[in-house]
Amino acid sequence: MTGRHLTTADVAEKLGVSVVAVYKMRSISNKLRRAGQEGPLLPEPVAIEGNSPLYDEAAIDAFAQERARRAPSQRGRRPRLMPGLARDAAFAERLRAAIADGAGAPEVPTQAALIDLLGLNVVTFGERMRGRTRWTDAELEVIRRTLGVDTTDANEVVDRARAAKRQARAARSHAGS
C-alpha cells in the first residue's frame, strides 16, 4: 500500500485520539507483533522524517475500519463501537453508543462535549454513568433533547441500590427491637 504519508498528529486526528494515544498504540502493536499476535495492530511506519514516523494513509484507513469492527474486549475497557447494541441495554451503554454513532452531532460529538454541555465535571459524570449518583431531571432533559436517548431507566441502578439499603436498614432496626 502506498499513498500519502501521515504524521503521528495526522493519524491521531484521523482516529479521533490524542497523539499520546497513537504512541501508546504503536508501542502496544510493536509488542504484540514481536509476540506473534495478530489483530487490529497500528501499521508500522513506512518512513522516518527527522525523529517522526510517517504512516501510509491507506494502511491507517484500513486499521481504523478494522478497529471499529472489533468484538467486545475480554478484559479492560470495552471498545467504543460495538455492533448490535440491544435496546434494553443499560442506560450508560445506550448513552455511549449514541455519542459514538454521532446522534448528538454537531453539538455533542464526544463524551467530553456532553460533560461540558451538562455542566458536570468528569468525576461526577463518571459517578452518574456507573449508577452511583442520580441524574437530575435537567440533565436527563438535555440528554433526551440532544441525543434522543430513552432516559426512563437512567436512575434505575441508583434507585435499586437505595431501596436495598433502606430494606437492609429496616431489617436491622426490626431485628434489634
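Residue numbers (this note's numbering): 1 to 177.
Even glycine gets a Cβ: it sits at the ideal position worked out from N, Cα and C.
From a predicted model like this one, the values you see are computed outputs, not experimental measurements.
Item                                                                                          : Value
Assigned exposure category for D153 - 16 Cβ within 10 Å defines buried                        : exposed
A12 beta carbon less than 8 Å from that of A21                                                : yes
Inter-residue spacing [alpha-carbon to alpha-carbon] between E139 and L118                    : 6 Å
CA-to-CA distance, A64 to P109, given in whole angstroms                                      : 18 Å
As assigned by DSSP and simplified to three states, the class of G104                         : strand
According to DSSP, residues forming a beta bridge with L120                                   : DSSP output for L120 lists no bridge partner at all.
Local Cβ density within 10 Å of G104, reported as buried at 16 or more and exposed below that : buried
Proximity winner among A161, L120, L6 and I48, relative to I143 (alpha-carbon distances)      : L120
L32: first and last residue of the uninterrupted alpha helix (DSSP H) it sits in              : V19 to R34
Where L6 falls: helix, strand or coil (DSSP)                                                  : strand
Contact belief for R94 with V149 at Cβ below 8 Å, rounded distance in angstroms               : 5 Å
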